[in-house]
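Notes to accompany the following structure.
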Amino acid sequence: MPRRARHSFSHRSTWTGRPTGNPGRLTPREAEHHVAEIMRWLGETSAQATEATNDGGLDVVGRHYAAQVKHYQGSVGRPAVQQLLGASRPDQLTPLFFTSGRYTDAAVEFADRTLVALFVYDAQARDVAPVGTTARTLAQRGLRCTTPPDVRCPCANRPR
Ligand SMILES: [Zn+2]
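Everything in the sequence shown is counted per the working numbering, starting at 75 for the first residue and increasing by one.
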């Protein structure tokens, strides 16, 4: 199976609240909002772009998942994925990486070993593709609640 096979998630009805205007020309900040919408669409209904402007901070945070966004910055390497993993740990958030570029082989290898989910989005095509086994698994089942079933969680993304 090709590593960067594209999935359009066309089985889902509508991508509500998607950015208007020219989605292919997003600013980095707009890209963070775009990714928050992708995450809500995938099931993390509480996902919001953060106010953090420092690099290395989490760009989008929800109740169970957190994302780093790199918009048009070439290849994402292993150090950036490692940094996200570290940043997501204190709050026990599941780390997701989104780029409009690509990932190095070392980044994909590291992400699959440490269970970081990598995605490539194409804002203009309104497409998002999982990269690597962790992301493919998440994309198939959606961004579900990660709280154990016997513990109450008020979030709306419980598996059905
Ligand atoms: Zn939950």
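Even glycine gets a Cβ: it sits at the ideal position worked out from N, Cα and C. The model shown is predicted, which means the values in this text are computed figures rather than measured ones.
Quick one, are the C-beta atoms of residue i and residue j less than 8 Å apart?
i    : j    : result
P169 : V190 : yes
S162 : G136 : no
A141 : F172 : yes
V194 : R215 : no
G117 : T124 : no
V143 : E106 : yes
Q166 : F184 : no
G206 : L217 : no
Rounded to whole angstroms, how far is the Cβ of residue i from the Cβ of residue j, which I believe are closer than 8 Å?
i    : j    : result
S174 : Y139 : Going by Cβ atoms, the distance from S174 to Y139 rounds to 19 Å, so no, they are not a contact pair.
Q122 : V109 : Actually they are not in contact, since the Cβ atoms of Q122 and V109 sit about 11 Å apart, beyond 8 Å.
T208 : D179 : Incorrect: roughly 15 Å between the Cβ atoms, too far for contact.
G160 : A181 : Incorrect: roughly 15 Å between the Cβ atoms, too far for contact.
Starting from residue i, follow its DSSP beta bridges and name the residues at the other end.
i    : result
R176 : S149
L192 : F171, V205
A140 : V135, P169
Q122 : V135
Indicate, with yes or no, if ligand 3 has a heavy atom lying under 7 Å from the CB of residue i.
i    : result
R114 : For the structure depicted, ligand 3 is absent and the ligand set comprises only ligand 1.
Span of the alpha helix (DSSP H) holding residue i?
i    : result
P102 : 102 to 115
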